[in-house]
Ligand SMILES: C[S@@+](CC[C@H](N)C(=O)[O-])C[C@H]1O[C@@H](n2cnc3c(N)ncnc32)[C@H](O)[C@@H]1O
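Residue numbers (the working numbering): 48 to 254.
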């Protein structure tokens with residue numbers, strides 16, 4: 048109990064430190080009620096609560112890939128913290144998709160304001176829209192899903208991904224945190240679970 052409290056205090060302090068160091072504002076949570084949502088999928092969406100920077104650095108830093116070949120995509124990108132951390136790696140491009148206008152606008156400002164002497168990818172883009180309307184870019188992908196939505200949106204997103212893979216087979220690594228609907232990844236796509244970790248599952252196309 049005390050340990051949990053201490054952990055959450057340290058986690059929160061790290062998040063605030065990330066914002067302070069980089070001149071951005073990614074902290075806090077936001078209920079979807081009261082935000083301006085694009086499309087019809089608000090009921091399937093999960094409220095904004097950002098992923099922890101330490102976790103993101105560990106997961107992205109542990110990928111054994113040539114980053115420059117991969118586009119990084121965060122579906123449900125909120126205020127853009129994941130995009131900023133991903134830009135610390137030499138990805139070909141970093142893209143986020145967010146359907147709540149207010150969060151998307153904060154993400155855009157964060158991308159512009161981000162201060163870092165170690166940023167490796169300068170091509171960072173926040174798209175305002177519903178994840179179901181996103182067209183997956185060609186080339187190898189690292190997809191990030193921080194449990195952004197339930198099956199009502201996840202299934203069409205996975206079907207779009209599978210269509211894209213069928214017409215253009217390529218390496219796709221899907222990092223899915225709090226993977227409550229992880230079974231759908233394997234039923235709707237040809238990706239296979241290659242790692243179960245405490246906070247996330249990793250799925251990958253067979254290469
Ligand atoms: C749990 S938060 C994760 C935020 C960010 N990816 C992170 O890890 O820090 C989920 C985000 O997904 C967004 N979202 C939910 N459903 C969506 C949809 N259908 N299309 C685009 N964004 C969506 C929410 O507005 C929220 O910002």
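The beta-carbon is built from N, C-alpha and C at its ideal position, and this holds for glycine as well.
Closer than 7 angstroms: residue i CB and nearest ligand 1 heavy atom
i, result
"residue 179", "yes"
"residue 195", "yes"
"residue 243", "no"
"residue 115", "no"
"residue 155", "no"
"residue 203", "no"
"residue 95", "yes"
"residue 54", "no"
"residue 121", "yes"
"residue 105", "no"
"residue 145", "yes"
"residue 189", "no"
"residue 98", "yes"
"residue 217", "no"
"residue 92", "yes"
"residue 125", "yes"
"residue 129", "yes"
Residue i, buried or exposed, once every other Cβ within 10 Å from all chains shown has been counted against 16
i, result
"residue 239", "exposed"
"residue 216", "exposed"
"residue 210", "exposed"
"residue 201", "buried"
"residue 182", "exposed"
"residue 87", "exposed"
"residue 98", "buried"
"residue 173", "buried"
C-alpha distance - residue i paired with residue j, whole-angstrom precision
i, j, result
"residue 84", "residue 147", "5 angstroms"
"residue 58", "residue 128", "15 angstroms"
"residue 49", "residue 65", "24 angstroms"
"residue 138", "residue 90", "33 angstroms"
"residue 195", "residue 113", "27 angstroms"
Residue i CB to nearest heavy atom of ligand 3 below 7 angstroms
i, result
"residue 88", "Judged by which ligands are present, ligand 3 is missing from the structure shown, whose ligands are ligand 1."
Contacts around residue i, its chain only, beta-carbon distance under 7 angstroms, and the 5 residues preceding and following it disregarded
i, result
"residue 132", "100, 103, 104, 107"
"residue 248", "223, 226, 229, 240, 242"
"residue 77", "94, 95, 150"
Cβ-based neighbour list, residue i, same chain, cut-off 8 angstroms, excluding 5 preceding and 5 following
i, result
"residue 184", "118, 120, 140, 142"
"residue 115", "137, 138, 139"
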